[in-house]
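Each remark here refers to the structure printed beneath this line.
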Amino acid sequence: MNFFRGVIGGQAAGPQPSGAETIQKLCDRVASSTLLEDRRDAVRALKSLSKKYRMEVGTQAMDHLINILQTDRSDSEILGYALDTLYNIICNDEEEEQDENAQKQADDLGALFTDKFIQDPEHVTLLLTLLEEFDFHVRWPGVKLLTALLKNQGVQLQGVILVSPMGVSRLMDLLADSREVIRNDGLLLLQQLTKGNAAIQKIVAFENAFERLLDIITEEGSSDGGIVVEDCLLLLLNLLKNNSSNQNFFKEGSYIQRMKPWFEVGDDNSGWSAQKVTNLHLMLQLVRVMVSPVNSPGATASCQKSMYQCGLLQQLCTILMATGVPADILTETINTVSEVIRGSQVNQDYFASVNAPSNPPRPAIVVLLMSMVNERQPFVLRCAVLYCFQCFLYKNQKGQGEIVATLLPSTIDANSISAGQLLCGGLFSADSLSNWCAAVALAHALQDNLTQKEQLLRVQLATSLGKPPVSLLQQCTNILSQGSKVQTRVGLLMLLCTWISNCPIAVTHFLHNQENVPFLTAQISENLGEDERLVQGLCALLLGICIYYNDNSLENYTKEKLKQLIEKRIGKENFVEKLGFITKHELYSRAAQKPQPVFPSPEQMLFDHEFTKLVKELEGVITKAVHKSSEEEKKEEEVKKTLEQHDNIVTQYKELIREQDSQIQELKEQVASMTSQNEQKQATITQQLSQIQQHKDQYNILKLKLGKENQSQSNSQGDVSQVNGLQTEELTQLREEVEELRKQHTLLQTQLDDKDALINTLVSNCLRVRELEALRSQVQSQSTEINQLQTEREELLRRAEAGVNIGKKKLIHSPSSSLIQEETKSLSGSRADLEQQLASATSTVAILQTEKAKLQTEVQESKKEQDDLLMLLADQDQKIHSLKQKLKDLGETVEDEDDLDAREQTDDDEEEEEEEEDED
115 MNFFRGVIGG QAAGPQPSGA ETIQKLCDRV ASSTLLEDRR DAVRALKSLS KKYRMEVGTQ
175 AMDHLINILQ TDRSDSEILG YALDTLYNII CNDEEEEQDE NAQKQADDLG ALFTDKFIQD
235 PEHVTLLLTL LEEFDFHVRW PGVKLLTALL KNQGVQLQGV ILVSPMGVSR LMDLLADSRE
295 VIRNDGLLLL QQLTKGNAAI QKIVAFENAF ERLLDIITEE GSSDGGIVVE DCLLLLLNLL
355 KNNSSNQNFF KEGSYIQRMK PWFEVGDDNS GWSAQKVTNL HLMLQLVRVM VSPVNSPGAT
415 ASCQKSMYQC GLLQQLCTIL MATGVPADIL TETINTVSEV IRGSQVNQDY FASVNAPSNP
475 PRPAIVVLLM SMVNERQPFV LRCAVLYCFQ CFLYKNQKGQ GEIVATLLPS TIDANSISAG
535 QLLCGGLFSA DSLSNWCAAV ALAHALQDNL TQKEQLLRVQ LATSLGKPPV SLLQQCTNIL
595 SQGSKVQTRV GLLMLLCTWI SNCPIAVTHF LHNQENVPFL TAQISENLGE DERLVQGLCA
655 LLLGICIYYN DNSLENYTKE KLKQLIEKRI GKENFVEKLG FITKHELYSR AAQKPQPVFP
715 SPEQMLFDHE FTKLVKELEG VITKAVHKSS EEEKKEEEVK KTLEQHDNIV TQYKELIREQ
775 DSQIQELKEQ VASMTSQNEQ KQATITQQLS QIQQHKDQYN ILKLKLGKEN QSQSNSQGDV
835 SQVNGLQTEE LTQLREEVEE LRKQHTLLQT QLDDKDALIN TLVSNCLRVR ELEALRSQVQ
895 SQSTEINQLQ TEREELLRRA EAGVNIGKKK LIHSPSSSLI QEETKSLSGS RADLEQQLAS
955 ATSTVAILQT EKAKLQTEVQ ESKKEQDDLL MLLADQDQKI HSLKQKLKDL GETVEDEDDL
1015 DAREQTDDDE EEEEEEEDED
């Protein structure tokens, strides 16, 4: 302790040590002291010197401090001093130097010491481990140190934390800390951690960050909350911006619905604090992130739907129409509503129904347009209204029709202000910005809508008393010829180009005025200043549209004559060069980047986003059209006609294929019906087989009775005759059923032939001939297999018949003639059984042939049925064998055919011997 009194107390005699020397002694003390108390005092002293002697402490003490973090984990006080010291030498926020060079040097020191600290990734892992300590004196300085490291070298540290086990999870635990200062600094830490790293953003989101952040925002008072709400919103923006995975997770988790209470600002809007304005700005930005035009269309549409269903859009429209809302909040709300309704028909229809709380009520669209054409309104607000109007009309033909209808003579109401009247008023006002905004807004009402382009040609304007009205198209060209401001002329030219493009009727109306073409050629051919180049390029584009979409209905202004006029008055190369001025303009690329009109000043408001798409589409085709000769155009027209004819042929074939598909569907239904009929017949056959089995059982019972009543031969013969009669009736009935099944088979075969003929007719007209031919070859192979199966059946049947005949021969030579007849009848019944099975198999073959175009698997089923038939034949052989055995059991002698032949020979020999004896 005396050492520290000498070093710090300043009471020792002699020259005082320098700061570097003192720091060196303190570092030696930290490294060599065995007492924890001494090390703690040394680290405390380093902490007190670290701000003044940042360079010396960082250079000499960093390794010792890191070693303290590793070895003295049990003492929270020394850990806190070490972490504070490291924070002081790494952090740049505490620097108060006004000199830029000094500040830059301090920043360089922070980056230098940060690089030194994170050279070993284990140091970062150690710091993450220390954050698990609940002690305030360890956790809080650890959070601040890690935040400073991220500020200085964010990308490198993000990589280390990303690969560290449970690294992000440990940091997420900070949000659950009950001490607000740690939780709030944890928010700042997570802000730095999630900047520009999609992988970490996803991990943080799936660590339940959305739930925790929204809970904190609610606890802190939503939009009325303080700086903590702002930090939560900034972190949410980091997690959601340009991260489609997190956006989808946010939507699927029903977190959009929890955003609605943020915008319930109440009726008393007089007390808008600066913090509340900031919070609402960030909240509106969060909504815009979810429905940004740069997102995928499907994700944007899903979020727009959710915002309408949960009432968020309605809440935003309430703020839009409320009074006392600050101008910057109103502007951002308009931009947010714009993107919520952009391209969503349901949301656009709802926005069209919103009315302002005025007397009488006016549509919100009309109130917004009044602000757009009012030159006293702020520039950013007018840009926001224009964007809102553009988004309302984006892919909304219904809304386009409603806007254009307010300009038509039959729908104009003199007692009310309509959107069309406001647009016309802005189009011809003295304010050039109003002219431009109204022209662009009206162009969006015509975008990709041929019907409304033709309808707008009907609009007539009364310019002054006593003069006839002129069309809106003519009035636009009149203002152009008067040489107004560049911004006004650019807006009118964009409107005219959008209007007459892809609309030959509008081109004819434009060319019908004899002054328009000379004006355009004069504008293009003159050598004007730099500011006029853009106007020249737009005039060239307008004239090129007149050529490209010309239907040659005006004799004086056909395509060929207009091209000759360009060649004589302007020159083709000069014309193309002037046309290229549009895309070379510095403001063109800026407008082409995103749909929202964002301009630093009103003078730079020259291009519209949708118009840049039109220029990109038309520049190349107009250049080709101007350079083409009449012969090339004729060839091109012939090619177009050929293509049209080809398209017509293709259309006809498509219709034919549709008809054939419907017919094939009908045939499939018929096949299904026949299949069901076949199943019913199979069920009937099964029932008949069961009946036959019953008869066989009855026969066996009768045969047993015959064995018991063998005493009387006559009775036995009578019973046998009765059984024979019964079997004869059964055989007759079975033959009738077989005949009926054959008739049905013939009918089905006839229907099959008819269907085959119809299919052949369809195949002859169908474009898929090759495919059907391939299928036909498959069917032929199947037919071959079926024929082979039928041959096998016939062979099996011949074998069965041969077996039955052998049985008959054996029974004929049997001693008991009555029982032989019974067995013969039984074998006849078995043969009928086989015939019935054969008829069933034949029916199955017919069904397979009917479905041969598609159901190839039926062949396998047919093979299975053949196996069943073989099994049945085997059963029949077994039955014959069993019948022989039963005859033997009844005392009858049953022998094979060879034995019968030998017996006959023996009998003949005995008869000859008896005859010889008689003669003797």
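Numbering (the working numbering), first residue to last: 115 to 1034.
By construction, the Cβ of each residue, glycine as well, lies at the ideal position given by its N, Cα and C atoms.
Here the structure is a predicted model, which means the values were calculated and not measured.
Annotation for Asn-630: the continuous alpha helix (DSSP H) segment containing it runs 630-639. The beta carbon of Leu-693 is closer than 8 Å to those of Gly-651, Ala-654, Leu-655, Gly-658, Glu-733, Ile-736 and Thr-737 in its chain, skipping five residues each way along the sequence. Going by C-alpha positions, Asn-362 is about 19 Å away from Cys-346. Judged by DSSP secondary structure, Leu-522 falls outside any alpha helix (DSSP H); it is assigned neither H nor E. The distance from the Cβ of Asn-616 to that of Phe-624 is about 13 Å, inconsistent with a contact at the 8 Å cut-off.
In the displayed model, Leu-351 falls within a helix according to three-state DSSP. About 19 Å separates the beta carbon of Thr-148 from that of Ala-175, a gap too long to meet the 8 Å contact definition. DSSP places Asn-627 in no alpha helix (DSSP H); its state is neither H nor E. Arg-476 is bridged by DSSP to Ala-470. By the C-beta density criterion, Asn-510 is buried, having at least 16 other C-beta atoms within 10 angstroms. DSSP lists Val-584 as the beta-bridge partner residues of Leu-575.
In the structure shown, Asp-287 falls within a helical segment according to DSSP collapsed to helix, strand and coil. In this chain, the alpha helix (DSSP H) harbouring Val-401 covers 388-404.
Contact check for Leu-500 against Met-484 fails: the beta carbons are separated by 8 Å or more. Minimum Cα-Cα distance from Val-171 among the listed residues Asn-202, Leu-183 and Asp-155 corresponds to Asn-202. When rounded, the separation of the alpha-carbon atoms in Val-277 and Asn-311 is 13 Å. In the three-state reduction of the DSSP assignment, Ala-544 falls in the coil class. Take His-626, set aside five residues on each side of it, and the residues of its chain with a beta-carbon closer than 8 Å to its own are Leu-668, in chain order. Of the residues assessed, Val-481 falls on the buried side of the cut-off, its CB having 16 or more other CB atoms within 10 angstroms. If you check the CB distance, Phe-725 and Thr-591 do not come in under 8 Å.
An exposed status is given to Thr-765, since fewer than 16 other beta-carbon atoms sit within 10 Å of its beta-carbon. In this structure, the straight-line span from the alpha carbon of Arg-456 to that of Gln-535 is close to 24 Å. Under the three-pair Cβ rule at 8 Å, the segment 388-401 counts as touching the segment 338-355. Annotated three-state conformation of Thr-437 is coil, per DSSP.
Within the same chain, Gln-566 come within 7 Å of Gly-515 by CB-CB distance, once the 5 residues on both sides are set aside. Leu-160 and Leu-242 have their C-alpha atoms spaced approximately 23 Å apart.
Judged by their CB atoms, Ile-370 and Leu-427 are not nearer to each other than the 8 Å cut-off. In this structure, DSSP gives Asp-186 a state outside helix and strand, which the three-state scheme calls coil. Distances from the CA of Arg-297 to each of Met-286, Asn-266 and Val-401 were compared; the closest alpha carbon is that of Met-286. Listed in chain order, the non-local C-beta contacts of Gly-281 below 6 Å within the same chain comprise Leu-242 and Ile-275, local neighbours out to five positions each way being set aside. Nearest Cα to Pro-235 within the set Val-257, Gln-270 and Asn-409: Gln-270. Along the length of the segment 233-285, whole beta strand (DSSP E) runs at least 3 residues long do not occur. In chain order, Ile-661 and Val-740 place their CB closer than 7 Å to the CB of Lys-677, counting only its own chain and leaving out the 5 sequence neighbours on each side.
With respect to the 8 Å criterion, Cys-417 and Met-404 are classified as neighbours on the basis of their beta carbons. In the structure shown, Phe-231 adopts helical secondary structure according to DSSP, grouped into three states. Ala-636 has its alpha-carbon roughly 24 Å from the corresponding atom of Asp-665.
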